[in-house]
Amino acid sequence: MALLSLLFAAGLAQAQPVDDDGFKQPLQNLQFNPGLDQREFERSTLSALEVHDPLESWNRRVYHFNYRFDEWVFLPVVDGYRYVTPTLVQTGVSNFFSNLGDVPNLLNSLLQLKGKRSLETTARLLLNTTIGVAGLWDPATRMGLPRQREDFGQTLGFYGVPSGPYLMLPLLGPSNLRDTGGLMVDFSAESAINFLNVAEASSNHPEITLLRVVDQRSNTNFRYGQLNSPFEYEKIRYFYTESRKLQIAE
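Per the numbering used here, residue 314 is the first one in the sequence shown, and the count goes up by one each step.
What follows is the structure, encoded as structure tokens:
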């Protein structure tokens with residue numbers, strides 16, 4: 314009887330007309346311009362990506378140079394480095410240079426009065442330089458102390474210095490006037506401190522600097538052209554500008 318009752322109820326449900334409340338197929342009556350392709354759609358949204366870029370003509374030339382240098386020189390060198398270098402050695406090189414980078418990270422954390430971050434970065438330097446054998450290993454991250462990047466550009470932004478005009482730097486990529494000045498300060502500080510005697514050794518052995526540059530490019534996932542958009546320049550400019558705001562605010 315129970316089975317018959319269920320079948321009867323199901324038959325009644327099917328016999329009753331379904332009320333078309335307008336939400337069954339919300340895209341059925343959607344009107345759109347069939348001639349609007351991806352390029353036109355992106356062009357119509359560019360106003361939302363506006364960034365102060367008075368040197369746009371020059372920046373675009375540098376952007377094109379970086380694109381070709383990356384394609385013809387940088388990435389082939391990176392691919393060759395990855396091919397001939399064992400993964401364990403690549404990891405050790407990356408950890409070593411990351412440990413060096415924690416020196417300006419610490420200085421800028423102190424300048425921004427970030428007490429907790431300063432203590433964590435100090436702990437990272439001590440652990441990775443000693444237990445990690447000059448930074449070749451990264452026990453600090455395994456112990457819950459991940460690397461947190463701080464630079465002098467962020468420090469200037471922390472104290473209200475405006476970003477200034479957008480800049481596309483040769484080889485280095487997107488930046489702005491404030492952050493470019495910050496890069497020079499960070500480089501000077503790292504050279505003056507000469508942590509683990511690397512700065513002095515690099516002046517006599519430029520291959521160390523070359524290795525650091527190749528390692529940094531190898532660990533940077535961005536590839537020119539990967540956005541598959543004719544407006545990649547505008548998007549990168551916008552993403553960089555907004556990401557720096559978030560880094561300064563954190």
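Where a beta carbon is used, it is the ideal one built from N, C-alpha and C, also for glycine.
Where Asn418 is concerned, the enclosing alpha helix (DSSP H) starts and stops at Thr400 to Leu424.
Segment contact: the segment 364-379 against the segment 472-487, three or more CB-CB distances shorter than 8 Å; contact assigned.
Comparing alpha carbon positions, the residue from Gly477, Phe500, Asp392 and Asn517 closest to Asp528 is Asp392. With a 10 Å radius around the Cβ and a threshold of 16 neighbouring Cβ atoms, Arg557 comes out buried. Check the Cα spacing between Leu362 and each of Glu563, Phe552 and Ile561: the tightest is with Phe552.
A distance below 8 Å between beta-carbons, with the five flanking residues on each side excluded, links Gly445 to the following residues of its chain, in chain order: Asn408, Asn412, Asp451, Pro452 and Ala453.
Judged by DSSP secondary structure, Met456 falls outside any alpha helix (DSSP H); it is assigned neither H nor E. Beta-bridge analysis with DSSP links Tyr479 to Asn489. Taking C-beta atoms as the reference points, Leu401 and Leu419 fail to come closer than 9 Å. In summary, Gln539 is exposed, with fewer than 16 beta-carbon neighbours lying within 10 Å of its beta-carbon over all protein chains present. For Leu469, the enclosing alpha helix (DSSP H) covers residues Phe465 to Phe471.
In its chain, beyond the 5 residues on either side, no residue has a beta carbon closer than 6 Å to the beta carbon of Ala505. The DSSP-derived three-state label of Thr533 is coil. The segment 459-474 and the segment 421-430 touch, with no fewer than 3 CB-CB distances between them shorter than 8 Å. In terms of CA proximity to Pro459, Thr434 leads the group Leu482, Leu469, Leu480 and Thr434.
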